[in-house]
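Note that the numbering used here gives residue 418 to position 215 of the sequence shown, counting from 1, and the numbers run on in steps of one.
C-beta atoms are modelled at their ideal positions from N, C-alpha and C, and glycine is treated no differently.
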Amino acid sequence: MKKNLSKLVLISIVFLAGFSIRHIRSLWEPTRAFLLRSQELYTNQWPTKAVVFTTVSKVDSKEQKNYFIKSTNTKPTPLLVSLHHWNGTYKTIDSMAYFAAEADINYLRPNARGENNNPDACCSDLVMEDITEAIEFALNNGNVDQNEIYLVGVSGGGYTALCYYLKTAYNIKKVSVWASITDLNAWYRESKIRKAHFVEDLLNCVGATQDSQNLNILLEKRSPLYWEMSASNLKDTKLSIYAGVYDGVTGSVPFSHSINFYNKLSEHIGAVEDSIFVTNDERLYLYEGLWTNKNPFKTIQDRKVFLHKEYRTVELTLFEGGHEILYDHAFNELLPNQ
Numbered sequence: 204m205k206k207n208l209s210k211l212v213l214i215s216i217v218f219l220a221g222f223s224i225r226h227i228r229s230l231w232e233p234t235r236a237f238l239l240r241s242q243e244l245y246t247n248q249w250p251t252k253a254v255v256f257t258t259v260s261k262v263d264s265k266e267q268k269n270y271f272i273k274s275t276n277t278k279p280t281p282l283l284v285s286l287h288h289w290n291g292t293y294k295t296i297d298s299m300a301y302f303a304a305e306a307d308i309n310y311l312r313p314n315a316r317g318e319n320n321n322p323d324a325c326c327s328d329l330v331m332e333d334i335t336e337a338i339e340f341a342l343n344n345g346n347v348d349q350n351e352i353y354l355v356g357v358s359g360g361g362y363t364a365l366c367y368y369l370k371t372a373y374n375i376k377k378v379s380v381w382a383s384i385t386d387l388n389a390w391y392r393e394s395k396i397r398k399a400h401f402v403e404d405l406l407n408c409v410g411a412t413q414d415s416q417n418l419n420i421l422l423e424k425r426s427p428l429y430w431e432m433s434a435s436n437l438k439d440t441k442l443s444i445y446a447g448v449y450d451g452v453t454g455s456v457p458f459s460h461s462i463n464f465y466n467k468l469s470e471h472i473g474a475v476e477d478s479i480f481v482t483n484d485e486r487l488y489l490y491e492g493l494w495t496n497k498n499p500f501k502t503i504q505d506r507k508v509f510l511h512k513e514y515r516t517v518e519l520t521l522f523e524g525g526h527e528i529l530y531d532h533a534f535n536e537l538l539p540n541q
């Protein structure tokens, strides 16, 4: 037994020694990113710089708690607004807070009516106003460069970010959304097939039952895919949309949500050439998993990219992954100089 154990240890040492320095270096970046992402799983606490503040809605006088990290820099610094996921709240630990604290920039985590399971939530007018009031607090209490406001969210946070992107009067410089829900009516049907708890959440969001005749209309009213889109409305805000090609199979939001939003937005801001849009042939290529037989043209972080489209201020990236956000890439893309 001891001889076998010694042999196993020796084999392991030889195997590890076989890695060159180049291989070890190639593993470091994804490992570093994983460790940073994992902080939200293992620390179960916010950075020491993070403080809770309360806003009182100008619309219905209800209190909303939010997290804020104030930069200690003497010069105005960016503000990163990070929106919680579908069943999250301001309390949900966010890896972006660690990135912001390390970079010494301003960070904001609005509660925005908390979990999306009631009519006050789900991108209601109350949610939009709550986010605005939280940003106003940051502007009044932090040393914020008002030309450097950024918005990020994944899943339900990406959904809320897209809604705010379409409605805000603020000069948001860039928005980064990942695995986003864009059509609640479609997601209701998709969740129903999966027997997911989101079905009840969606019904509660619009105050309806499965038998309600106007259910589809109520859900569409809360969906950014059906909201007004125009070049003048969106100003110069840049929008980056990301989705994993496994999402919808192993994840809860099919990547078609991201494709549909990108296509519709591109058309509304003036795109006409077929090459700008995600075509039906490209959809089939993605749905049927044909990308597995094709070399990617680039990578983001440690992931292969199989489709990238861009028009004016909006871009779409479909990468090898599931229902997730690549925190390292998201932060560095939004704030490359931090």
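- The continuous stretches of alpha helix (DSSP H) do not include G473, and DSSP gives it neither H nor E.
- Secondary structure note for N269: its beta strand (DSSP E) is the uninterrupted segment E266 to I272.
- Each of K424, L468 and F340 was checked against the Cα of V255, and the nearest Cα belongs to F340.
- G360 carries a helical assignment under DSSP once its states are collapsed to helix, strand and coil.
- Ranked by Cα distance from G447, the first of S358, S264, T412 and A389 is S358.
- Boundaries of the beta strand (DSSP E) around S285: T280 to L286.
- Its Cα nearest to that of W249, the residue A303 stands out among V262, L365, K441 and A303.
- Contact between the segment 344-357 and the segment 278-293 is present: 3 or more CB-CB pairs across the two stretches fall below 8 Å.
- Collapsing the DSSP output to three states places E336 in a helix.
- Looking from the CA of R515, the closest CA among N290, G524 and H471 belongs to H471.
- Counting the other CB atoms within 10 Å of its CB gives Q413 a total below 16, which places it among the exposed residues.
- Contact between I444 and S426 fails: their C-beta atoms lie close to 15 Å from each other, not under 8 Å.
- Within the same chain, and ignoring the five residues on either side of I352 in sequence, the residues whose Cβ sits closer than 8 Å to its Cβ are P281, L282, V284, I338, Y373, N374, I375 and K376.
- In this structure, T385 keeps its C-beta atom at 8 Å or more from the C-beta atom of L369.
- A direct Cα-Cα distance of roughly 40 Å separates N419 from I272.
- For K501, the uninterrupted beta strand (DSSP E) run begins and ends at K501 to I503, by DSSP.
- The Cβ atoms of A474 and W381 lie no closer than 8 Å to each other.
- With contacts defined by Cβ atoms closer than 8 Å, K395 and L428 do not form a contacting pair.
- For the options H400, D323, V517 and V481, the alpha carbon positioned closest to that of D439 is the one of V517.
- By the 16-neighbour rule on beta-carbons within 10 angstroms, A434 is exposed.
- By the criterion of a C-beta distance shorter than 7 Å, A324 is surrounded in its chain by R316, G317, E318, V330 and C408, once the five residues flanking it on both sides are discounted.
- Taking 8 Å as the cut-off, the beta carbon of L510 is found closer than this to the beta carbon of L521.
- Looking from the CA of Q541, the closest CA among K441, A411 and M299 belongs to M299.
- DSSP, reduced to helix, strand and coil, places I462 within a helical segment of the structure shown.
- Membership of N417 in any beta strand (DSSP E) is not indicated, and neither H nor E is assigned to it by DSSP.
- By the Cβ neighbour-count rule, K501 is exposed, with fewer than 16 other Cβ atoms within 10 Å of its own.
- Excluding its 5 nearest sequence neighbours in each direction, P457 has C-beta neighbours in its own chain below 7 Å: E393, D450 and G451, listed in chain order.
- Just so you know, the alpha carbons of H526 and K268 end up roughly 27 Å apart.
- For R312, the enclosing beta strand (DSSP E) has its first and last residue at N309 to R312.
- A straight line joining the alpha-carbon of N535 with that of E305 spans about 13 Å.
- Listed in chain order, the non-local C-beta contacts of V259 below 6 Å within the same chain comprise E266, local neighbours out to five positions each way being set aside.
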